[in-house]
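Protein chains in written order, with the numbering used here: chain A, 1079 to 1510; chain B, 181 to 348.
Laid out in structure tokens, this is it:
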């Protein structure tokens, strides 16, 4: 800034056009040498304040740090800083056999572990060229849809909590408990189930499974009605979320956003319909889409998705066929106890599978599933060994979060929290 | 755009198109805008490291996966680059979402995306050294020296050349 001396004599106004003079006056008034570069006085209109939000901030749903440039209360720019939860899963995959990778996938999107297992298993099964029996496929679908409901429940509870509604949070966690109980029943673990494995499932479901799933099917639609009664037409909620964090369909696609973020903008794209895997084409269900691409539409989409998930579980459970749940390919799936006791060959297979794992053909595959957050893809490169040569996880939260700066630009700072909630990120999925 | 395609491979029902680096931006733009393709959504970009290839062969396969919602299809583009020249033109102007994915690829594999507006680390700390997803990067394992691998206990400068973690 050029050094302009203040006009001599009191009461003499600076020339109205040249704002620089105002600052020169100010500098002189506070005794700052006018040639000091370190003191940079900028025009009021361009002045922004940098605000650090997170990583330890309850509304960031994990460890996300946002650097916000604020103009008063308006967000001019948002720079997310991620990586606090980076665990290097992709590196770890390279030193674990395919079945050993399954527990690692659990821990990426930790709100919907079965769907991660499922995505990875499908990619490896594509590489191996094996099919899973129909009963296995149906149980996979039931477990994944239960996980989707569980994940959406956490999203619903925390999203509402972020915006000041405490009650839904407690209700959502109460309902999620049923789903965790089912997880525990089938796999012995409440969250990190590792239940879906390459070639099928860990084991067939126990007898009590039916009763618990039926309970979800009968009670859950009423519960969603309750939630909707609380929130959907609540004037405070509508006021705070309508027209907020808008992203157009074109914008969402360009950012690679998927799942409810894309569907909330009006694009009816759901991998369960578009590229039906694991017999999703046997079930009737709808894809909820929004129209405005704002926080409210994404909210409506997810609420409706929970209802659709119950519909899918209902159909899958009523038509659950009998038969094996695992592939009969003994080069991939473990032989049964009875086979091991009676067949030498089965014993050898068991030994080889446990100690060394199976080998996959050389090549590269990409396979994707619809996770609660969007397109969860696994790109696996195999060199013919028993471990993946390279496994890239296409995490939906990562792409969805990269659209956040676009969504919050020009919004108020208090609304940033609402927009983050509506993207439904899981930082374990973002950072991997 | 036949001049851009180096070769095609088909396996597991998926097609992989190897693209020349200088034609990448034009090819991606064409795939995005052409009415018979409309690959509007970029799923990810990553790279695969093949250090065991011959020295004159390209070490990295930079892999792009695009999705066409209109035709319900994915396509995979691969650009091969060498270790000494790991440069690829950026696609962030073609697909806005490529911004973060390219940063991730730079961070973890050291591929440099020319023209990217803000190419810095995204997942690893800013002062991290090395690119963890390269095959010759040792991720974990405290070196424990036994008689058969006594050189593990040596400091990095004294390890035999070519050994993981060797400074030479």
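For every residue, glycine included, the Cβ atom is placed at its ideal position computed from N, Cα and C.
Residue of the options minimising C-alpha distance to residue i
| i | options | result |
| --- | --- | --- |
| residue 1167/A | 1176/A, 1183/A, 1177/A | 1183/A |
| residue 1338/A | 1144/A, 1491/A, 1450/A, 1141/A | 1450/A |
| residue 1412/A | 1401/A, 1425/A, 1227/A, 1335/A | 1425/A |
| residue 1224/A | 1395/A, 1175/A, 1348/A, 1138/A | 1395/A |
| residue 1397/A | 1154/A, 1234/A, 1217/A, 1192/A | 1217/A |
| residue 1314/A | 1140/A, 1281/A, 1220/A, 1496/A | 1496/A |
| residue 1333/A | 1481/A, 1301/A, 1157/A | 1481/A |
| residue 1221/A | 1245/A, 1238/A, 1259/A | 1259/A |
| residue 1485/A | 1271/A, 1409/A, 1321/A | 1321/A |
| residue 1359/A | 1509/A, 1156/A, 1215/A, 1201/A | 1215/A |
| residue 1262/A | 1284/A, 1252/A, 1242/A, 1245/A | 1284/A |
| residue 1390/A | 1299/A, 1264/A, 1255/A, 1476/A | 1299/A |
| residue 1401/A | 1229/A, 1281/A, 1233/A, 1325/A | 1281/A |
| residue 1403/A | 1277/A, 1127/A, 1324/A, 1355/A | 1277/A |
| residue 1370/A | 1418/A, 1392/A, 1347/A, 1340/A | 1340/A |
| residue 1025/A | 1228/A, 1355/A, 1380/A | This structure cannot speak to residue 1025/A, because chain A is shown only from 1079 to 1510. |
| residue 1176/A | 1466/A, 1139/A, 1474/A, 1479/A | 1466/A |
| residue 1373/A | 1144/A, 1233/A, 1148/A | 1233/A |
| residue 1406/A | 1209/A, 1472/A, 1452/A, 1342/A | 1209/A |
| residue 1447/A | 1199/A, 1136/A, 1138/A | 1199/A |
| residue 269/B | 224/B, 205/B, 262/B, 241/B | 205/B |
Exposure of residue i, with buried meaning 16 or more beta-carbon neighbours within 10 Å
| i | result |
| --- | --- |
| residue 1120/A | Note that residue 1120/A scores a pLDDT of 43, beneath 50, so its modelled location is shaky and nothing firm can be said. |
| residue 280/B | buried |
| residue 1440/A | exposed |
| residue 1307/A | exposed |
| residue 260/B | buried |
| residue 1432/A | exposed |
| residue 1317/A | exposed |
| residue 1368/A | buried |
| residue 251/B | exposed |
| residue 1427/A | buried |
| residue 1445/A | buried |
| residue 271/B | buried |
| residue 1158/A | buried |
Where residue i falls: helix, strand or coil (DSSP)
| i | result |
| --- | --- |
| residue 1458/A | strand |
| residue 1130/A | strand |
| residue 1489/A | coil |
| residue 1568/A | Not covered by the structure: residue 1568/A. The range shown for chain A is 1079 to 1510. |
| residue 188/B | strand |
| residue 1117/A | Note that residue 1117/A scores a pLDDT of 41, beneath 50, so its modelled location is shaky; the value from the coordinates is reported in the next line. Residue 1117/A falls in the coil class under three-state DSSP. |
| residue 1252/A | helix |
| residue 214/B | coil |
| residue 1351/A | helix |
| residue 1214/A | helix |
| residue 1561/A | What the structure shows of chain A is the stretch from 1079 to 1510, and residue 1561/A is not part of that stretch, so it cannot be assessed. |
| residue 1247/A | helix |
| residue 1359/A | helix |
| residue 1415/A | helix |
| residue 1364/A | coil |
| residue 1122/A | Residue confidence is low: residue 1122/A scores 47 on pLDDT, short of 50, so the model does not pin down where it sits. Its coordinate-derived value is still stated next. Three-state result, residue 1122/A: helix. |
| residue 1510/A | coil |
| residue 311/B | coil |
| residue 1318/A | helix |
| residue 1331/A | helix |
| residue 1261/A | helix |
| residue 1307/A | helix |
| residue 1241/A | coil |
| residue 1502/A | coil |
| residue 1484/A | helix |
| residue 1409/A | coil |
| residue 1208/A | coil |
| residue 1199/A | helix |
| residue 1421/A | coil |
| residue 1227/A | helix |
Counterpart residues of residue i in DSSP-defined beta bridges
| i | result |
| --- | --- |
| residue 1342/A | Answer is none; residue 1342/A lacks a bridge partner. |
| residue 1442/A | 1459/A |
| residue 1222/A | DSSP output for residue 1222/A lists no bridge partner at all. |
| residue 198/B | 187/B, 258/B |
| residue 1470/A | 1457/A |
Inset, instruction - Taking only runs that begin and end inside the segment 221-303 of chain B, name each unbroken beta strand (DSSP E) of 3 or more residues, in chain order. - result: 221-229, 240-248, 253-261, 267-269, 292-294
Legend entry - Sequence ranges, beta strand (DSSP E) only - wholly within the segment 1269-1305 of chain A, length at least 3: none
Inset, instruction - Only counting runs of 4 or more residues, tell me where the alpha helix (DSSP H) segments fall wholly within the segment 1370-1402 of chain A, in order along the chain. - result: 1373-1396
Legend entry - Ranges of the beta strand (DSSP E) found wholly within the segment 1124-1181 of chain A, counting only runs of at least 3: 1127-1131, 1143-1149, 1152-1159
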